[in-house]
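Listed in order, the protein sequences are those of chains D and B. So in the numbering used here, the last one in the first sequence is 291, and the numbering has no gaps at all. So in the numbering used here, the last one in the second sequence is 652, and the numbering has no gaps at all. We treat Cβ as the ideally placed atom computed from N, Cα and C, and that holds for glycine. For clarity, every value in this text was computed on a predicted model and none was experimentally measured.
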Amino acid sequence: MQKIQDNRAWLLVLPVFVTVAFSAIIPLMTVVNYSVQDILGPDNRVFVGTEWFTEVLQDEDLHNALVRQIMFSAMILAIEIPLGIAIARALPVKGWRASLSLVVLALPLLIPWNVVGTIWQIFGRGDIGLAGYVVNALGIDYNYTADPLAAWITVVVMDVWHWTPLVALLAYAGLRAIPDAYYQAAQIDGASTWAVFRYIQLPKLRGVLLIALLLRFMDSFMIYTEPFVLTGGGPGNSTTFLSQYLATLAVGQFDLGPAAAFSIIYFLIVLLFCFVFYTALQNVGRSRPAS
Amino acid sequence: MAKIDLVELSHAYTANPQRREDYALHKLTMTWEDGGAYALLGPSGCGKTTLLNIISGLVKPSTGRVLFNGQDVTLLHPQQRNIAQVFQFPVIYDTMTVADNLAFPLRNRGWGAAETRKRVEEIAEILELTGDLKNRASGLSADAKQKISMGRGLVRPDVAAVLFDEPLTTIDQHLKWTLRRKLKQIHAQLKLSLIYVTHDQVEAMTFADKVVVMYGGEVVQLGSPQDLFEQPAHTFVGFFVGSPGMNLMPCRIEGGSAVVGEVRIPLDPGTAQRAGQAAGKLTLGIRPEFVELARPGAPDSVPSPIERVEDLGNYKIVTARLGEQVVMAKVSEDEAVSSGTAHLRFPPQWTRIYADDRSLA
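Right, here's the structure in full:
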């Protein structure tokens, strides 16, 4: 075959390049700029190479925030995904009950994040909050502003309350897409409820669960508003997650160089995790050797 | 294996069926003999699938009973009655291998590993799936997937019957023949009762010993392919089975003959006598294969203007007018057809009279 060389063909991909440049690369470049320079004033900057990166990577507080962040994401994923599937399976299939339960289920998703934080901040208070008051009345010492464990539980429960509906809705849509014939065949084959779940529903839900997992991972890994409103990262630093730490660095202390370096690292971590999840789930149950 | 009796079975999908049309099945009583190969033939929406789902237990009938070997199973779930069913579209368990797919119904019923394996290999052998046993089922072609579905239906040796709900719809035309022949062979080999739903008459005729024709929620005829052809019990059977279908013409009876429009058509004495006593709307039916082209002036022949002659390769279809009615005759290719007027003869032994669509025989 004759190879045609014509550099004008590059013009065809130009629109994509321009779009990507404006949507991603140029904004990102400002951060890159800050991360490799020490900017002292409008016309006064020094190139510092990887200094900010080295500094940030050795930051003990950041290590702790990262560990907390991973723990938090792992916990909410471990709760929200199974819980979401369980709820989706329990929801009515049709009729007004189905519509009603979907609307009720979706309510937390419609509340602004700031308000979610505020709701739980009040809800969990021992003096005026319903949940805090009831828990204390049951004889359990609960005070999320003073006790790190209580603060953690509150943040996790808040996130589960806020976001499990998303997983449930996705799983519900996935379940409805399974043709009736599968359930009928399973009945004929004498499959137990567990077998129906394990061999029909779960494999058919793989696609939506992958999306649910990625969405929930990214969102939870970048969580900021709700814990900021609820606990302000405390008590101490016990609920300070990465985004909040970054905000303190950039806005609070105005350390723009380290903050920019950290932003890039943060971005790469999210990207890496998403890649790992995606690849792993794409292959699950595929490359497994035949038994 | 079992004899399956259906007693006065009716089913409606609406909550309060009032009219006859509300019923998908209407007062259906029939028996499926043990070990038979049945085809359930009928147009879309005639209640075939409903009937099948009631036999398997996926659907509970509104009224009536289902008996397996005399035992009432009407209210039992599919798991509790011993029945297998294969659906129109392939159902496979994606994450399992072909072998696990085939073994699934056995494992769910507590079979041991060794017997399960033996049986799975047996079925795979019959369906020519042996080479794929260790492969994941999800990667296979649609044909192979449907074979797996069928395999899961056939794998249990002790079922009362295996029900097939148009299982070859998604299958490639050529493979259809192979699989259908395979099913016949399996029937002979495994001695299972098979009930095969289809709307394709060729499929029904080639597969089954007995064909059950359904129309409007009722069974209108149960018989061998030959019965359906030679003695349709209902005008629908005449029209639906055969290509082209039976000639059907409204008629009245006058002294031993049927009169269509102005034309007298002789009947055999028995038919004429029954027709004379019958009430209701009378219809004369004769298959195009039995309509003869006679010489001009031959006794009992009816001159009819020819509308068109179609040569279909190995036979011709002559379409002629009989008063208001159109009559088709299917004649051999060699037969000379004079243009203009055909002299049609209706042999009395093949001429049937229907009263309100039902045969008087």
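Sequence-distant residues of the same chain with beta carbon closer than 6 Å to Leu418 of chain B, five excluded per side: Non-local C-beta neighbours of Leu418 of chain B in its own chain, meaning closer than 6 Å and more than five positions away in sequence, comprise Lys438, Gly442, ordered along the chain.
Against Ala185 of chain D, what residues of chain B qualify as contacts under a CB-to-CB distance less than 7 Å, listed in chain order? Residues of chain B whose Cβ lies closer than 7 Å to the Cβ of Ala185 of chain D are, in chain order, Phe378, Val382.
For Gln282 of chain D, name the three-state secondary structure that DSSP assigns. If DSSP states are grouped into helix, strand and coil, Gln282 of chain D belongs with the helices.
Taking the beta carbon of Pro396 of chain B as the centre, do at least 16 other beta carbons fall within 10 Å, making it buried, or is it exposed? Buried: at least 16 other Cβ atoms inside 10 Å.
Identify the continuous alpha helix (DSSP H) that holds Ser353 of chain B and give its terminal residues. First-last for Ser353 of chain B: undefined, no H or E at that position.
Looking at the structure shown, is Ile383 of chain B part of a helix, part of a strand, or coil, going by DSSP? Per DSSP, reduced to three states, the secondary structure at Ile383 of chain B is coil, with no helix or strand assignment.
Around the Cβ of Val528 of chain B, are there at least 16 other Cβ atoms within 10 angstroms (buried) or fewer (exposed)? Burial call: buried.
Give a yes or no on whether the minimum CB-CB distance between Asn373 of chain B and chain D is below 7 Å. Asn373 of chain B has a beta carbon lying at 7 Å or more from every beta carbon in chain D.
Taking a Cβ distance cut-off of 7 Å, strictly less, list which residues of the region 201-216 of chain D are near chain B, in chain order. Only those residues of the region 201-216 of chain D whose C-beta falls short of 7 Å from the nearest C-beta of chain B are listed: Pro203.
Kindly provide the ranges of any alpha helix (DSSP H) runs that are 4 or more residues long and lie completely inside the region 297-361 of chain B, ordered along the chain. Within the region 297-361 of chain B, the runs of alpha helix (DSSP H) that reach at least 4 residues and sit entirely inside it are, in chain order, 339-347.
With burial defined as no fewer than 16 other Cβ atoms inside 10 Å of the residue's Cβ, what is the status of Asp189 of chain D: buried or exposed? Asp189 of chain D is buried by the Cβ-count criterion.
Got a sec: is the Cβ-Cβ distance from Asn399 of chain B to anything in chain D below 7 Å? So yes, Asn399 of chain B belongs to the interface.
Contact between the region 114-124 of chain D and the region 206-213 of chain D (3+ Cβ pairs under 8 Å): Counting C-beta pairs with one atom in each stretch, the region 114-124 of chain D and the region 206-213 of chain D have fewer than three that are closer than 8 Å, which means they do not touch.
Does the beta carbon of Leu349 of chain B come closer than 7 Å to any beta carbon on chain D? With respect to chain D, the C-beta atom of Leu349 of chain B has a partner C-beta closer than 7 Å.
Are there 16 or more other CB atoms within 10 angstroms of the CB of Ile85 of chain D, so buried, or fewer, so exposed? Ile85 of chain D counts as buried, since at least 16 other C-beta atoms from the protein chains shown sit within 10 angstroms of its C-beta.
For Ile39 of chain D, which of D:Gly129, D:Ala260, D:Phe267, D:Phe275 has the nearest alpha-carbon? Looking from the CA of Ile39 of chain D, the closest CA among D:Gly129, D:Ala260, D:Phe267, D:Phe275 belongs to D:Ala260.
Going by C-alpha distance, which of D:Leu110, D:Arg176, D:Leu57 is nearest Lys94 of chain D? Cα-wise, what sits closest to Lys94 of chain D is D:Arg176.
Short-range partners of chain D found in the region 458-479 of chain B, where Cβ spacing is below 7 Å: Within the region 458-479 of chain B, no residue qualifies.
For Arg636 of chain B, name the three-state secondary structure that DSSP assigns. The three-state secondary structure of Arg636 of chain B, taken from DSSP, is strand.
Verify the CB distance criterion: does Ile85 of chain D have a CB-CB separation below 7 Å to chain B? Ile85 of chain D does not count as touching chain B.
DSSP three-state label for Phe455 of chain B, please. Reduced to three states, the DSSP call for Phe455 of chain B is strand.
Locate the beta strand (DSSP E) running through Gly41 of chain D, then write down its first and last residues. Here the beta strand (DSSP E) through Gly41 of chain D covers 37-41.
Members of the region 56-68 of chain D near chain B, C-beta cut-off 7 Å: Under the 7 Å Cβ criterion, the region 56-68 of chain D contributes no residue.
Exposed or buried, what is Phe378 of chain B when buried is set at 16 or more other beta-carbons lying within 10 Å of its beta-carbon? With a threshold of 16 other beta carbon atoms within 10 Å, Phe378 of chain B meets it and is buried.
Element boundaries [beta strand (DSSP E), containing Glu601 of chain B]: Segment 593-602, the beta strand (DSSP E) holding Glu601 of chain B.
Taking beta-carbon pairs under 8 Å, can you tell me which members of the region 169-184 of chain D lie near chain B? Look at the region 169-184 of chain D: the residues with a C-beta under 8 Å from a C-beta of chain B are Pro179, Ala181, Tyr182, Gln184.
When D:Gly252, D:Leu256, D:Pro258, D:Glu226 are compared against Val115 of chain D, the one with the closest alpha-carbon: The shortest C-alpha separation from Val115 of chain D is found at D:Glu226.
To the nearest whole angstrom, what separates the beta carbons of Gly296 of chain D and Val229 of chain D, a pair I think is in contact under 8 Å? Examination of residue 296 of chain D is not possible in this model, given that chain D is present from 1 through 291 alone.
Kindly list, in the order they appear in chain D, the residues whose Cβ is closer than 8 Å to that of His368 of chain B. Identification of chain D residues near His368 of chain B by a Cβ-Cβ cut-off of 8 Å yields Gln187, ordered along the chain.
So, does the region 607-620 of chain B touch the region 563-570 of chain B, judging by three or more C-beta pairs under 8 Å? The answer is no - the region 563-570 of chain B does not touch the region 607-620 of chain B, with fewer than three Cβ pairs under 8 Å.
Name the residue from B:Met619, B:Ala563, B:Gly403, B:Gly552 whose alpha carbon lies nearest to the alpha carbon of Glu580 of chain B. Nearest of B:Met619, B:Ala563, B:Gly403, B:Gly552 to Glu580 of chain B, Cα basis: B:Met619.
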